[in-house]
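Below is one structure, written out as structure tokens, with a few remarks after it.
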Amino acid sequence: MILDTCFKIVNDPTRFTLISGSNLSLYGFMCQNDTTYHFFTMKRRPFVVSLATGTWFAALPALAQLRFPNHAVTLVVPNAPGGAINILARLLEQRLREIWGQPVIVVYKPGAGTVIGTDFVAKSKPPDGHVIGMVITGHMINPSLRKSLPFDTLKDLSGVTLVATSPIVMSARPDLPANTLKEVIALAKKEPGKLTYASPGIGSSMHLAGELLKTTAGIDVLHAPYNGAGQAYPDVFAGRVDLLFDPLFSSLPHIKSGRMKAIAVLSPQRESIAPEIPAAVESLPGYVVQSIFGMVVPHGTPKETIQKIRDDVVAALKVPELKARMAEIALTPVGNQPEEFDAFIRTEIDRWAKVVKASGATAE
974 MILDTCFKIV
984 NDPTRFTLIS
994 GSNLSLYGFM
1004 CQNDTTYHFF
1014 TMKRRPFVVS
1024 LATGTWFAAL
1034 PALAQLRFPN
1044 HAVTLVVPNA
1054 PGGAINILAR
1064 LLEQRLREIW
1074 GQPVIVVYKP
1084 GAGTVIGTDF
1094 VAKSKPPDGH
1104 VIGMVITGHM
1114 INPSLRKSLP
1124 FDTLKDLSGV
1134 TLVATSPIVM
1144 SARPDLPANT
1154 LKEVIALAKK
1164 EPGKLTYASP
1174 GIGSSMHLAG
1184 ELLKTTAGID
1194 VLHAPYNGAG
1204 QAYPDVFAGR
1214 VDLLFDPLFS
1224 SLPHIKSGRM
1234 KAIAVLSPQR
1244 ESIAPEIPAA
1254 VESLPGYVVQ
1264 SIFGMVVPHG
1274 TPKETIQKIR
1284 DDVVAALKVP
1294 ELKARMAEIA
1304 LTPVGNQPEE
1314 FDAFIRTEID
1324 RWAKVVKASG
1334 ATAE
């Protein structure tokens, strides 16, 4: 065993003061006398015995929290590789690795509408910040869309920050006899149940955007779920499906090529990368849906660690190269505080529960 760091006990053996040393990621104390204890490299989990014995002494769990991160960090993406969440995770991976001086490993755990990946994060032990989960809008939709979840969204996970938002656009087949949102609504009211809209899948924000349109505008359109938007585009091009909800950065090339036409972005205002496309709220007040990208950690993760992760993510978001790449794919950085993101999650769960109930949508 190699002497690495020395601590001095101050009255209470559960309190100590750092005297010297730098590597705080290891455990183990050896009692030298009544006041000074040496820190050794050990792989065995620390254990507690009385100080009176003058033998071994426990390294408190707080010791490992003095320095975060002290080993590789896993960033869990609950989707298959591809799309904006993948690009964002990879951008953050690079910057956080530089900030933390530790490896950041992106792991993909897709399935069940992001449930599999998020469940992995919720059950990760110890809850020390070294496993971080990316979440999307489906994280707030799943509690009402799915009858049972293997975790409690509010109790088993803690929010770190809302990293970014991304606009959704409603597009249409080129020959649809409607060019604006008002005209789409009028057409749907004229022919109830005839218009169809495609989404990347049941439970996605794009699916619920269509359902929210139905309840907000009082129309009846049919949902055509696909296993990913890639399969939906050809059917819209060919006129087999009338409408499509998908991220703007994915749809924009097809809109510019003329294979689809834009109806409206579902953002609070027009988007700078396509200012010619009107915002839905210009015709239908209150109709706003955005894709969100956030970070969560297991419940029980120390608040100080959560705050550090959030602060470091915000620092990464301010790097000009990262901001420029995000702008290219229409991602808007946010970086709010952990408590603000927790409140946002609660609000969005309630919001989407009403939409799910009104639509009768289910993923079971």
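In case it helps, the working numbering puts the sequence shown at residues 974 to 1337.
A virtual CB, placed ideally from N, CA and C, is assigned to each residue, including glycine.
Problem set entry | Bridge partners - Y1206, DSSP secondary structure assignment | Start at 1 with the first residue of the sequence shown, and residue 1206 comes out as number 233. Y1206 is not bridged to any residue.
Problem set entry | N- and C-terminal bounds of the beta strand (DSSP E) containing T1138 | The residue you call residue 1138 lines up with position 165 of the sequence shown. For T1138, the enclosing beta strand (DSSP E) begins and ends at L1130 to A1145.
For this session: Have a look at L1048, L1181 and R1232 and flag the residue whose alpha-carbon is nearest the alpha-carbon of G1111.
Result: To locate residue 1111, count along the sequence shown from 1; it is residue 138. With distances taken between Cα atoms, G1111 lies closest to L1181.
Problem set entry | Exposure label - R1146; buried when at least 16 CB within 10 Å | Looking up residue 1146 in the sequence shown gives position 173. Looking at its Cβ environment, which holds 16 or more other Cβ atoms inside 10 Å, R1146 is buried.
Exercise. Between the C-alpha atoms of V1328 and P1116, what's the straight-line distance to the nearest angstrom?
Worked result: For the purposes of this step, residue 1328 is taken as the residue at position 355 of the sequence shown. For the purposes of this step, residue 1116 is taken as the residue at position 143 of the sequence shown. Taking the CA atoms as reference points, V1328 sits about 12 Å from P1116.
Exercise. For T1305, which residues from the same chain have a beta carbon less than 7 Å from its beta carbon, with the 5 sequence-adjacent residues on both sides left out?
Worked result: The residue you call residue 1305 lines up with position 332 of the sequence shown. So the qualifying residues of the chain are A1137 and T1138.
Exercise. Okay, do the stretch 1161–1177 and the stretch 1192–1207 touch, 3+ Cβ pairs below 8 Å being the bar?
Worked result: Contact holds: three or more Cβ-Cβ distances are below 8 Å.
Problem set entry | Identity of the residue in D1125, T1189 and L1216 nearest K1167 by Cα | Here the question's residue 1167 lines up with position 194 in the sequence shown. For K1167, the closest of D1125, T1189 and L1216 by C-alpha to C-alpha distance is L1216.
Exercise. For H1272 versus L1130, is the C-beta distance shorter than 8 Å?
Worked result: Numbered from 1 along the sequence shown, position 299 holds the residue referred to as residue 1272. Numbered from 1 along the sequence shown, position 157 holds the residue referred to as residue 1130. Yes. Within cutoff.
For this session: Could you check if T1091 is buried or exposed, using at least 16 other CB atoms within 10 Å of its CB as the buried criterion?
Result: Counting from one through the sequence shown, the residue named residue 1091 turns up at place 118. By the neighbour-count rule (16 or more Cβ atoms within 10 Å), T1091 is buried.
Problem set entry | CB contact flag (T1335, L1118, <8 Å) | If you number the sequence shown from 1, residue 1335 lands on position 362. If you number the sequence shown from 1, residue 1118 lands on position 145. Yes, the pair counts as a contact, with Cβ atoms nearer than the cut-off.
For this session: Return yes when the Cβ of L1154 is within less than 8 Å of the Cβ of A1253, no when it is not.
Result: Residue numbering aside, residue 1253 sits at position 280 when the sequence shown is read from its first letter. Residue numbering aside, residue 1154 sits at position 181 when the sequence shown is read from its first letter. Against a cut-off of 8 Å, the Cβ pair of L1154 and A1253 comes out as a contact.
Exercise. Beta carbon of S1172, beta carbon of Y1199: below 8 Å?
Worked result: Within the sequence shown, numbered from 1, the residue matching residue 1172 stands at position 199. Within the sequence shown, numbered from 1, the residue matching residue 1199 stands at position 226. Against a cut-off of 8 Å, the Cβ pair of Y1199 and S1172 comes out as a contact.
Exercise. Could you give the uninterrupted runs of the beta strand (DSSP E) lying entirely in the stretch 1072–1104, keeping only those of 3 residues or more?
Worked result: DSSP runs (the beta strand (DSSP E)) wholly in the stretch 1072–1104: 1077–1081.
Exercise. Is T1126 helix, strand or coil when you go by DSSP?
Worked result: Sequence index remark: in the sequence shown, residue 1126 carries index 153 (1-based). Looking at T1126 - three-state DSSP - the assignment turns out to be coil, as it is neither helix nor strand.
Exercise. Can you pull the DSSP bridge partners for V1046?
Worked result: Within the sequence shown, the letter at position 73 stands for residue 1046. Answer by DSSP bridge pairing, in chain order: V1077.
Problem set entry | Alpha-carbon to alpha-carbon, I1105 and F1093 | Here residue 1093 refers to the residue found at position 120 of the sequence shown. Here residue 1105 refers to the residue found at position 132 of the sequence shown. Cα atoms of F1093 and I1105: separation of roughly 10 Å, rounded to the nearest angstrom.
Exercise. Counting along the chain, where does the alpha helix (DSSP H) carrying M1268 start and finish?
Worked result: What you label residue 1268 is simply residue 295 of the sequence shown in a count that begins at 1. Per DSSP, M1268 belongs to no alpha helix (DSSP H); it is in the beta strand (DSSP E), Q1263 to P1271.
Exercise. Looking only at DSSP bridge pairs, what is K1276 linked to?
Worked result: Position 303 of the sequence shown holds residue 1276. Looking at the DSSP assignment, K1276 forms no beta bridge with any residue, so it has no partner.
Exercise. Which first and last residues belong to the alpha helix (DSSP H) in which V1329 is found?
Worked result: Along the sequence shown, one-based indexing puts residue 1329 at 356. Its alpha helix (DSSP H) spans residues P1311 to S1332.
For this session: Tell me whether K1167 sits in a helix, a strand or coil according to DSSP, three-state version.
Result: To locate residue 1167, count along the sequence shown from 1; it is residue 194. Coil.
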